[in-house]
Each structure stands twice: as C-alpha cells, then as structure tokens.
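>
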Amino acid sequence: MVKKLNFKGLIAPVFTPFSRKTGDVDTSIIKSYAQHLIKSGVNGVLVNGTVGEGVCMSVLERKTVLEAWLEAVKGTPLHVMVHIGGPCLRDVQDLARHAESKGVSSLLCIPDLFHRPNNVEQAVPH
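Okay, so the sequence shown: first residue is 651 according to this note's numbering, each after it adds one.
#1: Check whether the segment 698-708 and the segment 677-688 touch, using three or more Cβ-Cβ pairs below 8 angstroms as the test.
#2: Output the distance between the C-alpha atoms of G644 and V730, rounded to the nearest integer angstrom.
#3: In terms of alpha-carbon separation, which member of D762, G736, P767 and A722 lies closest to V754?
#4: Using the C-alpha atoms, what's the distance from V715 back to G654?
#5: For G702 versus P663, is the C-beta distance shorter than 9 angstroms?
#6: Determine which residues share a DSSP beta bridge with V705 and list them.
#7: Let me know if L745 comes out buried or exposed under the rule of 16 or more other beta-carbons within 10 Å of its beta-carbon.
#8: Measuring only the C-alpha atoms, how far is T672 from L757?
#9: On the three-state DSSP scale, how would you describe I661?
#10: Taking the alpha helix (DSSP H) that L739 falls in, what are its first and last residues?
#11: How far does the alpha helix (DSSP H) with L687 in it reach, from first residue to last?
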C-alpha cells in the first residue's frame, strides 16, 4: 500500500564502502558511519542511491548493503530510505519486496535513465 511520506529533517545520501583490495562491498564501517551521521544531526539516510552506486551493484550487493544499514541503525529513530530503481523490472520488484520485508521507512525508485517511459501513463505501471 502506498503511504504519504511525512518527513522533516535531513536525509543524507550515503556512500557504499568497497574494499580497496578486492573491490567487494565492505559493510564493516557502516555502523560507525551511521553513528557519526546520527551524532551530526542527520535524521535519515538514502541507501543505494547515486552516491551509493546502487545501480552499479548486483541485486545481492544492494540487499546486503541495505541489511547492514538496517542493522546499524536498529533502535534509533533514523529514517532509512532505499533506492530500488534500475533497468531490470524484475530486479526492481525483487528489491521492493526485499525492502518491504525488512521494514524500511521509505522507497525511492528513479526510472532507468536509458529505458525511461515516454509519459506518466507508461511510468506508473513500471
């Protein structure tokens, strides 16, 4: 069910940490990163957005990063928004179901930049 977002404050687009050695996602610093943002007065985070390189990661990596953020902010009032957009509709749907099952605060779905709908009537079903 679609609910209206009622949010006040700052949602920070967060980066995704990668290992310098392997290039793999490295979730080990997310907890301290989250604590720093909370202490700095941030009210929410945008996970897997453009700053977080979400569309450049696999579905599994995107899920892993989201789960790490949710674990890191458990018990805090931090709003967690996750970007689920991408070129493959099935992946977008999978990411939406995953986010909902994990209890995220809100979703952001920016349409794919190369295969975008021509009008609103095409965008809504997508």
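All C-beta atoms in this analysis are idealised placements derived from N, C-alpha and C, irrespective of residue type, glycine included.
Taking the structure as given:
#1: no
#2: Look at the range of the chain in this structure, 651 to 776, and you will see that residue 644 is not part of it.
#3: Nearest C-alpha to V754: A722.
#4: According to the sequence shown, residue 654 is Lys rather than Gly. About 25 angstroms.
#5: Going by C-beta atoms, G702 is nearer than 9 angstroms to P663.
#6: V705 is not bridged to any residue.
#7: buried
#8: Straight-line Cα distance between these residues: approximately 30 angstroms.
#9: strand
#10: L739 to K752
#11: I680 to K689
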